[in-house]
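Since the structure comes first, as structure tokens, the remarks are kept for the end.
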Amino acid sequence: ETPESQLKTPVSCNRKKILENKKLSGSLSSPNTSVLSPSAKINKKNYKGETLLQVAVIKNNIERVKELLKEGANVNTQDNNGWTPLHEASNHDFFEMVKILLDHGALVNVPSFNDNITPLHDALFNNCIDIAVYLVSRGADLHAKTSFGLTALDMCKTEEHKNLLIEACSPFIEGNTLIPDVKECSTETENLVFLCTNLDEKQKGKLQKCAQMLKAEIVEDFKPDVTHIITSCDVMGNCVRTMKILLAMLTGKWVMNYQWIDVCLEYKLKVDEEVFEVQGTRNQPNTMGPKRSRQNYEQKCPPLFDGFYFYLYGTFNNPTPSRESLCNLIHLGGGKILSREPKLNTRDNFMIPYHAANTVLEGTSHIILYQDKPPRETHVNSDHICTTQVMWLMACISEFKILEPQQTNVAKK
């Protein structure tokens with residue numbers, strides 16, 4: 001998409017919050033990357049993908065777990081199946097272990113790979129009711145669905161168990177989903193990697209100065225280790241939607257208003273990012289899509305298109321991204337590309353795409369994308385194949401949610 005001319009905006013921000021975070025930011029000395037932290041050994045994985053912490057949790061070795069956590073073990077590590085230490089403690093009915101892990105920042109709603117089973121699902125499946133109730137009291141999501149469409153309430157064996165879970169919900173947590181203030185601790189000092197989009201030459205010059213001050217690397221193209229993407233915004237904090245923005249949002253990067261650079265230079269430190277996080281794109285303004293994307297990554301949830309199969313029908317020409325670029329977006333978003341058009345009988349072992357739960361596309365597994373001319377009308381009333389224009393894909397990424405297609409053949413239920 002061709003960038004529009006930008007509105008020049010004054011630097012305005014929550015100065016109090018910046019000053020409060022000044023002490024937390026520390027000095028501007030470069031991180032020590034020459035010495036490997038001892039925690040690197042602690043977080044080394046075996047052939048199952050388990051760390052020392054996970055092994056200790058499975059053995060219910062409380063003292064060893066406390067020792068490992070103190071030494072910097074990653075409390076939210078996942079093995080090859082996506083199980084976290086909290087999953088293991090929950091399904092083994094280790095109540096005290098569950099409390100210790102949560103008190104050390106364990107994320108309560110992490111879904112496993114493939115099946116999207118959370119620690120709450122795991123506890124209920126193994127009939128660990130006391131742990132299930134405690135998890136709910138600590139923010140476990142009662143409405144999160146497994147890939148097979150089951151919520152925690154669906155998995156309860158008795159009405160009494162359902163009532164216990166409902167009563168455990170905190171009335172102060174909307175939907176009983178809690179995003180803890182404790183962010184996953186990095187055992188190393190974060191290496192900052194900046195990527196810019198839609199900046200003028202003067203802004204790029206200041207970005208260079210800021211990067212030098214913060215010991216950050218600047219790259220020209222998107223790559224996995226990018227930490228921040230910097231873009232200019234309008235007065236409402238919305239940016240032009242570029243390919244770099246879409247790539248950043250699919251991978252949970254910080255999408256930052258350029259004003260952040262000016263204020264970092266003014267205060268001579270890395271100020272709090274959340275104050276300057278982009279609010280949305282010009283196409284979908286003020287949707288908080290960048291924040292939703294980042295939190296999804298921090299909470300170790302599946303990527304946006306996880307569970308969907310895509311077929312690209314016809315040709316794709318400017319201003320639509322190329323077929324290659326579309327495939328890259330789908331791949332980064334966790335979707336799978338089909339080489340042949342799906343048929344009505346392609347629905348085998350259907351599993352609900354994670355982000356489609358409780359949306360009109362919950363029962364949809366295959367999506368046919370086209371630019372101008374749709375395929376033949378063979379999928380009308382299909383309950384698992386949706387045909388829609390390719391701009392739906394961009395809109396979903398911009399808002400970081402699965403939206404209802406404007407034109408679709410999915411059956412209305």
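Here the sequence shown is numbered in the UniProt record's numbering, starting from 1 and rising by one per residue.
We put the CB at the ideal spot given by N, CA and C, even for glycine.
Exposed unless 16 or more other CB atoms sit within 10 angstroms - verdict on residue i
i	result
Lys372	As written in the sequence, residue 372 is Asp, which differs from the Lys given in the question. Flag for Asp372 reads exposed.
Ile337	exposed
Lys270	buried
Asn358	exposed
Leu69	buried
Asn109	buried
Arg376	exposed
Asn286	exposed
Gln284	buried
Asp122	buried
Ile103	According to the sequence shown, residue 103 is Asp rather than Ile. Looking at its Cβ environment, which holds fewer than 16 other Cβ atoms inside 10 Å, Asp103 is exposed.
Asp200	exposed
Leu344	exposed
Ser339	exposed
Pro302	buried
Met394	buried
Proximity below 8 Å, CB of residue i to CB of residue j
i	j	result
Ser398	Arg292	no
Val193	Leu165	no
Glu63	Ile42	no
Leu195	Val235	no
residue 419	Tyr297	Beyond the ends of the chain as shown, which are 1 and 413, falls residue 419; an answer cannot be given.
Leu304	Phe148	no
Trp392	Pro374	no
Val136	Ala89	no
Leu107	Asn126	no
Val275	Leu326	no
Met97	Asn60	yes
Ile261	Lys206	yes
Asp93	Ile58	no
Cys233	Val278	yes
Val55	Ile100	no
Leu265	Leu332	no
C-alpha distance - residue i paired with residue j, whole-angstrom precision
i	j	result
His366	Phe350	10 Å
Ser112	Ala144	12 Å
Arg138	Leu124	16 Å
Thr388	Phe316	14 Å
Asn116	Leu86	14 Å
Thr197	Asp221	10 Å
Ile352	His384	10 Å
Pro342	Tyr311	7 Å
Asp79	Gln295	21 Å
Glu362	Ala356	5 Å
Gly237	Pro290	11 Å
Pro321	Cys386	20 Å
Lys268	Met288	28 Å
Gly105	Trp254	21 Å
Tyr354	Asn191	31 Å
Lys202	Asn318	29 Å
Glu67	Lys44	16 Å
Cβ separation of residue i and residue j, assumed to be a contact under 8 Å, to the nearest whole Å
i	j	result
His228	Met256	5 Å
Tyr309	Leu369	So it is not a contact: roughly 11 Å between Cβ atoms.
Ala140	Leu153	Actually they are not in contact, since the Cβ atoms of Ala140 and Leu153 sit about 12 Å apart, beyond 8 Å.
Thr231	Ile218	The pair is not a contact, with the Cβ atoms about 14 Å apart (cut-off 8 Å).
Ala73	Leu53	4 Å
Closer than 8 Å to chain C by CB, residue i
i	result
Leu165	This model lacks chain C altogether, as it is built from one protein chain only.
Quiz item: Whole beta strand (DSSP E) runs in the region 333-404 with 3 or more residues, listed along the chain?
Solution: 366-370, 385-389
Self-check item: Every unbroken beta strand (DSSP E) within the region 285-326, with a cutoff of 3 residues, ordered by chain
Solution: 309-312
Quiz item: Which parts of the region 182-233 are runs of the beta strand (DSSP E), unbroken and 3 residues or longer, counting only runs that do not cross its ends?
Solution: 193-197, 217-219, 228-231
Quiz item: Which parts of the region 48-123 are runs of the beta strand (DSSP E), unbroken and 3 residues or longer, counting only runs that do not cross its ends?
Solution: none
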